[in-house]
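Chains as they are written, first to last, in our numbering: chain A, 4 to 137; chain B, 4 to 137; chain C, 4 to 137; chain D, 4 to 137.
Shown next, in C-alpha cells, is the structure this report addresses.
Protein chains: 4
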Amino acid sequence: MKSRSRLRVRYAETDTMGVVYHSNFLVYFEIGRTDYFRDLGFTYKELESKDVFMPVTESYCRYLYPARYDDQLEIITSFGMISRLRIRFDYEVVREPDLKLLAQGYTVHVPVNSVGAPCRIPQAYKQALSRSVE
Amino acid sequence: MKSRSRLRVRYAETDTMGVVYHSNFLVYFEIGRTDYFRDLGFTYKELESKDVFMPVTESYCRYLYPARYDDQLEIITSFGMISRLRIRFDYEVVREPDLKLLAQGYTVHVPVNSVGAPCRIPQAYKQALSRSVE
Amino acid sequence: MKSRSRLRVRYAETDTMGVVYHSNFLVYFEIGRTDYFRDLGFTYKELESKDVFMPVTESYCRYLYPARYDDQLEIITSFGMISRLRIRFDYEVVREPDLKLLAQGYTVHVPVNSVGAPCRIPQAYKQALSRSVE
Amino acid sequence: MKSRSRLRVRYAETDTMGVVYHSNFLVYFEIGRTDYFRDLGFTYKELESKDVFMPVTESYCRYLYPARYDDQLEIITSFGMISRLRIRFDYEVVREPDLKLLAQGYTVHVPVNSVGAPCRIPQAYKQALSRSVE
Chain A
4 MKSRSRLRVR
14 YAETDTMGVV
24 YHSNFLVYFE
34 IGRTDYFRDL
44 GFTYKELESK
54 DVFMPVTESY
64 CRYLYPARYD
74 DQLEIITSFG
84 MISRLRIRFD
94 YEVVREPDLK
104 LLAQGYTVHV
114 PVNSVGAPCR
124 IPQAYKQALS
134 RSVE
Chain B
4 MKSRSRLRVR
14 YAETDTMGVV
24 YHSNFLVYFE
34 IGRTDYFRDL
44 GFTYKELESK
54 DVFMPVTESY
64 CRYLYPARYD
74 DQLEIITSFG
84 MISRLRIRFD
94 YEVVREPDLK
104 LLAQGYTVHV
114 PVNSVGAPCR
124 IPQAYKQALS
134 RSVE
Chain C
4 MKSRSRLRVR
14 YAETDTMGVV
24 YHSNFLVYFE
34 IGRTDYFRDL
44 GFTYKELESK
54 DVFMPVTESY
64 CRYLYPARYD
74 DQLEIITSFG
84 MISRLRIRFD
94 YEVVREPDLK
104 LLAQGYTVHV
114 PVNSVGAPCR
124 IPQAYKQALS
134 RSVE
Chain D
4 MKSRSRLRVR
14 YAETDTMGVV
24 YHSNFLVYFE
34 IGRTDYFRDL
44 GFTYKELESK
54 DVFMPVTESY
64 CRYLYPARYD
74 DQLEIITSFG
84 MISRLRIRFD
94 YEVVREPDLK
104 LLAQGYTVHV
114 PVNSVGAPCR
124 IPQAYKQALS
134 RSVE
C-alpha cells in the first residue's frame, strides 16, 4: 500500500533562500505517516492512547529539488517492518502538477510505551501494518 | 526587574522575504519568560514539576523592523501580576549592536494544573514574582 | 466574504503540554490569509511576483481552548481595509466536528515593495479585496 | 577543528511526547554549521553576500536519547570536504552536564549561486575550510 497526502507549502516553512527549509521535509514525512495509519483504518493517536508511541530513531532525506511557497505537494508513503522491534517508513515528496520528485527519505521507529521501554504493537494494529506491505 | 536574553537568528526562522517569520517572535518571547524565571532563582520547568503550568491565553506583538539571519538579538522581559488568576509578561526585542527596537509585545497567562483547572502559583514562587515587579 | 480553510494538527506543532504550541496559531492564520486571496481569484504569491509584499506589522491572538494532535481544525478568515496603507485580517479557529471556538485573533499588514518601502496594492487586486468586505 | 555550540531547548521545540521533536535536531545542526564558519573567522552570511549558498542536499540523524525542555545541549560540529562539488558536516548533540550523547548525524551540501547553479567556494574561504580538517 502507498498512502498519498496532499499539502500546500506554508510561508512559515520557507527560508531566506526562498525555498522550503530542509527540516520541514521531516514534518511532511510525519504527515505521510499519520495518513498511512489512517488509510489502514486506525489512527496513530489511537495507538498512543493504548500506550504505544513510535519515536523516530533515524531519519534520512535527499533533497533533490527545492519546494517553494504555495507549491502543492504530494507525500507518498510506504511501510516496511524491519524486525520485531523496528519499523520503517519510506517517503517521496512530489510537486504537483508536474510530478517532479523533490525529495525522498525514510524514518525508522521503535515502538515504546510511555515510560520509554520498547514494547510490542498490539496484535490487531500489527496485522494491519503487516498486511499493508504484502 | 528586567531580564535580558541573547540569541542569534537561525536560518530556519527566516522566510522567503529574507526576514524572521513573525510567529518566531512569540518563541523569542518564550525564551525571555524562561530566563525571567531563571533570574528569579527558579525555573519554569520546576514549576511544571509542581503541577503548575502557564499556558498563553493572549499574545500581542507589534513588528517594527525586520530581523535577519545571524542577527544578534536581545529580548528584554518584564513581568506584571494582573490579578489573582492572570499574569502578564512584556517584551522588547532589540537588535545588537545598534540597539534598534525590532518588536514589542506581551503575553497573558493563566496558571492551571495538569488537568487544565485554574490553580494558584505556590506561595514561594508567587512571592518571588511579586517582589520582582516592585 | 469569509474564507474557510481546513487543516489537521501536526505532531510537530504540539508541545510538552500535549497541545498546539501557541505561536502555531499565527501560522494557521497565514493559511487562512493565503486561502482568502485564492478565494478572491488570485494568489498572494502572484502579488509578490508584482513586487507587493504584505508583512505582518501586528498580531493578536486569544487562546480559548487547546488544540491537540490530529484535531481537524477550520480557520475562518475575514478581511477589513483599515486605511490606504494598512489592511487587517480577522480569524477564528474552530475545532471540527463540535465547532468549538479554540482561538480568535487578527493580523495587520502594510503593503511594501521588495526594498521595504510602503506601496499601493495594484488596482485590480485592491478592488477584489474591497468588494469582498461589502 | 571541532566547533562547539551551546543552546537551551525551547518549549516550542518539544512535542506531545514531552521531548524535542526530531526535526529540530536538523535546526540544531544548522546552528553548529553557523558557528563552525564563525570559528573559522568568517560567517556563512558573508558567503551568501558573495553569491555562494550551501543548501542541504542530504541529511541523516540517529536519535539515541531524548532531549527535553530547558535541557542545556552542546552541538559538536566537524567538517569534511567530500569532493570539489560537495562538502559535509558531522554533528554530535550532547546533553550537559552529564555529557550524554543524544543524537548524531551529518548533512551534505552543494555550493550553488543565487540562480541555483553549482559554483565554487571562493578561494580564501575554501582554504580556511580545508585547513580546518587537517
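Glycine included, each C-beta is placed from N, C-alpha and C at the ideal position.
For chain C, find out if any of its Cβ atoms is closer than 8 Å to the Cβ of residue i; answer yes or no.
i              : result
D18 of chain D : yes
G21 of chain D : yes
V30 of chain A : yes
S81 of chain B : no
F56 of chain B : yes
S86 of chain B : no
Y94 of chain B : no
S62 of chain B : yes
Identify the continuous beta strand (DSSP E) that holds residue i and give its terminal residues.
i               : result
T37 of chain D  : Element bounds for T37 of chain D: not the beta strand (DSSP E) but the alpha helix (DSSP H), 27–42.
V111 of chain C : 103–112
S86 of chain B  : First-last for S86 of chain B: undefined, no H or E at that position.
R71 of chain B  : Per DSSP, R71 of chain B belongs to no beta strand (DSSP E) and is neither H nor E.
Y24 of chain A  : Here Y24 of chain A belongs to no beta strand (DSSP E), and DSSP marks it neither H nor E.
Between residue i and chain D, is there a C-beta pair that is closer than 8 Å?
i               : result
S26 of chain C  : yes
Y14 of chain C  : yes
V59 of chain A  : yes
Y109 of chain A : no
R41 of chain A  : no
Counting contacts by CB-CB distance shorter than 8 Å, is residue i in contact with chain B?
i               : result
T46 of chain D  : yes
L104 of chain C : no
D73 of chain D  : yes
R89 of chain C  : no
R65 of chain C  : yes
Tell me whether residue i is buried or exposed, calling it buried when 16 or more other Cβ atoms sit within 10 Å of its Cβ.
i               : result
E16 of chain C  : buried
Y14 of chain D  : buried
R98 of chain C  : buried
M57 of chain B  : buried
Y128 of chain A : buried
L102 of chain D : exposed
R123 of chain B : exposed
E157 of chain D : Here chain D covers residues 4 to 137 and nothing more, so residue 157 of chain D does not appear.
N27 of chain B  : buried
Y68 of chain C  : exposed
P100 of chain B : exposed
G35 of chain B  : buried
V118 of chain A : exposed
D18 of chain D  : buried
E95 of chain B  : buried
P114 of chain D : buried
I85 of chain B  : exposed
So is residue i in contact with chain A if we call contact Cβ pairs under 8 Å?
i               : result
A70 of chain B  : no
I189 of chain C : Absent from the structure is residue 189 of chain C, since the part of chain C shown begins at 4 and ends at 137.
T37 of chain C  : yes
When DSSP labels each residue in this structure, what does residue i get in the three-state scheme?
i               : result
R13 of chain B  : coil
V118 of chain C : coil
V97 of chain A  : strand
R65 of chain B  : strand
R123 of chain D : coil
V55 of chain A  : coil
Note the first and the last residue of the continuous alpha helix (DSSP H) segment covering residue i.
i               : result
E51 of chain C  : 47–52
V136 of chain A : 126–136
Does the ligand ADP have even one heavy atom less than 7 Å from the beta-carbon of residue i?
i              : result
R98 of chain C : With respect to the ligand ADP, the structure offers nothing, as it holds no ligand at all.
Do the region 89–107 of chain D and the region 54–70 of chain D meet, that is, are 3 or more Cβ pairs less than 8 Å apart? With the cut-off at 8 Å, the region 89–107 of chain D and the region 54–70 of chain D touch.
Answer yes if the region 29–44 of chain D comes into contact with the region 72–81 of chain D, meaning at least three C-beta pairs across the two stretches below 8 Å, and no otherwise. Contact holds: three or more Cβ-Cβ distances are below 8 Å.
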